[in-house]
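Working notes, structure below.
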Amino acid sequence: MADARRGQHRPVTTSDLPTYHWQAEHDYETGTTKHERSDQGAYQTFDPVLTPDQRRIPVVFLGSMEPRHQLRVLEQLEGPRIVGGDTMKEYIWNAPEALEPVLQRLDYLFLNASEAMALAGAATIQEATELLRHRFSLRGLLIKEGPRGATLYRRDSEIHLPALPVDPPIDPTGAGDAVAAGFLGSLAEQQTETDASVRLALAYGMVMASFAIQHFGVQGLQQLTREQVDERMASIAWQAQPRA
C-alpha cells in the first residue's frame with residue numbers, strides 16, 4: 001500500500017511478536033465505543049526511532065499508543081510547528097503519570113467525550129472541556145462526537161460541525177484518526193491558525209472521516225484523490241465559512 005500511495009515506508013521495521021490487536025464494539029446510533037481491550041504484541045519491544053527527515057517534520061500527529069512511545073517521538077522532534085495527539089481510556093486509567101508529560105507538550109488534543117471525561121475526572125463533557133483547556137496549554141481541544149460530528153474548543157471560541165451523512169456506515173474504526181488527518185493536514189496547507197482556517201480544517205476533518213467509514217479498514221482512503229475530497233468539501237462549503 002505504501003508503494004501504491006507514495007508512502008514513506010523505509011523506516012518501517014518488523015518484529016517476531018504478534019501484531020498489536022485492538023478490539024471494541026461500536027454503537028452506530030450513539031457513536032460510542034464499548035468493551036475496549038487490546039493486546040500489545042509487538043508494541044512490547046517497540047522503540048520509535050525517527051529518521052533525520054522525520055525529526056524535522058513541521059506538523060506531527062501522535063496516534064493513540066502507549067504514552068512512553070509518544071514521549072519518545074516527542075523527544076526526537078526538532079521544533080515542530082504543530083503537534084497533535086490522541087489517547088484512549090486504557091492509557092488514561094493505567095498510565096496517567098506517563099501520559100501527563102505528553103499532553104503538556106501538545107498543541108491539539110483529539111478525544112471523544114468519554115475519554116475527555118475520564119481524563120478530566122468530570123461527570124459531564126462541558127465540565128471536562130473546561131477543566132482540560134485550563135490544565136493543558138492547548139491551542140485546541142477537539143471532541144469527536146461520532147455521528148453528531150465534532151466540536152473544536154479553543155481559548156475563546158467553540159466551533160461545531162456536523163458529520164457528513166453516510167448510509168450505510170461500514171466501519172467507523174479509524175474515523176477519529178481521519179478527522180485528525182484532515183484537520184492537521186489542512187492547517188499544514190494553510191500555514192495559519194485563525195478562526196477561519198481552523199473552521200476550514202475541521203470541515204476537512206469531517207470530510208475525511210466520511211470517506212473512512214464508507215469502507216472497511218483503510219479502503220475508503222487508499223485510492224482517494226484530492227479531486228474527490230474537494231468535491232465533497234464543496235457540498236459543505238457553507239459550513240466551512242466563518243460565522244458573521
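Its first residue numbered 1, the sequence shown is counted upward by one per residue in my numbering. Idealized CB from N, CA, C, for every residue including glycine.
Distance between beta carbons of residue j and residue i, contact taken as under 8 Å
| i | j | result |
| --- | --- | --- |
| residue 23 | residue 55 | That belief does not hold up - the Cβ atoms of residue 23 and residue 55 are roughly 33 Å apart, past 8 Å. |
| residue 72 | residue 47 | 7 Å |
| residue 118 | residue 89 | 5 Å |
| residue 49 | residue 74 | Their Cβ separation, rounded to whole angstroms, is 13 Å, which puts residue 49 and residue 74 out of contact at 8 Å. |
| residue 205 | residue 179 | 4 Å |
| residue 159 | residue 116 | Not quite, the Cβ-Cβ distance comes to about 16 Å (not below 8 Å), so this is no contact. |
| residue 86 | residue 121 | Actually they are not in contact, since the Cβ atoms of residue 86 and residue 121 sit about 19 Å apart, beyond 8 Å. |
Where the beta strand (DSSP E) containing residue i begins and where it ends
| i | result |
| --- | --- |
| residue 150 | 150-153 |
Contacting residues, own chain, Cβ-Cβ under 8 Å from residue i (five flanking each side not counted)
| i | result |
| --- | --- |
| residue 133 | 141, 153 and 155 |
| residue 181 | 61, 205 and 208 |
| residue 105 | 74 and 83 |
| residue 20 | 38, 39, 40, 41, 42 and 43 |
| residue 145 | 31, 112, 113, 151 and 163 |
Boundaries of the alpha helix (DSSP H) in which residue i is found, first to last residue
| i | result |
| --- | --- |
| residue 220 | 219-222 |
| residue 46 | Counting along the chain, residue 46 falls outside any alpha helix (DSSP H), and DSSP gives it neither H nor E. |
| residue 177 | 175-190 |
| residue 67 | 67-74 |
| residue 205 | 195-212 |
| residue 234 | 226-234 |
| residue 98 | 96-103 |
| residue 215 | From DSSP, residue 215 is part of no alpha helix (DSSP H); its letter is neither H nor E. |
| residue 132 | 125-135 |
| residue 52 | 52-55 |
Residues sharing a beta bridge with residue i, DSSP
| i | result |
| --- | --- |
| residue 23 | 37 |
| residue 160 | 151 |
| residue 140 | 108 |
| residue 86 | 110 |
| residue 60 | 83 |
Close-in-space but distant-in-sequence residues of the same chain around residue i (CB under 7 Å, 5 per side omitted)
| i | result |
| --- | --- |
| residue 68 | 98 |
| residue 212 | 174, 175, 178, 220 and 221 |
| residue 135 | none |
Contacts around residue i, its chain only, beta-carbon distance under 6 Å, and the 5 residues preceding and following it disregarded
| i | result |
| --- | --- |
| residue 162 | 149 |
| residue 91 | 67 and 99 |
| residue 164 | 206 and 210 |
| residue 231 | none |
Checklist entry - Counting pairs of Cβ atoms below 8 Å between the region 179-191 and the region 201-213, do you hit three or more? => result yes
Taking contact to mean at least 3 C-beta pairs separated by less than 8 Å, is the region 120-129 in contact with the region 163-180? no
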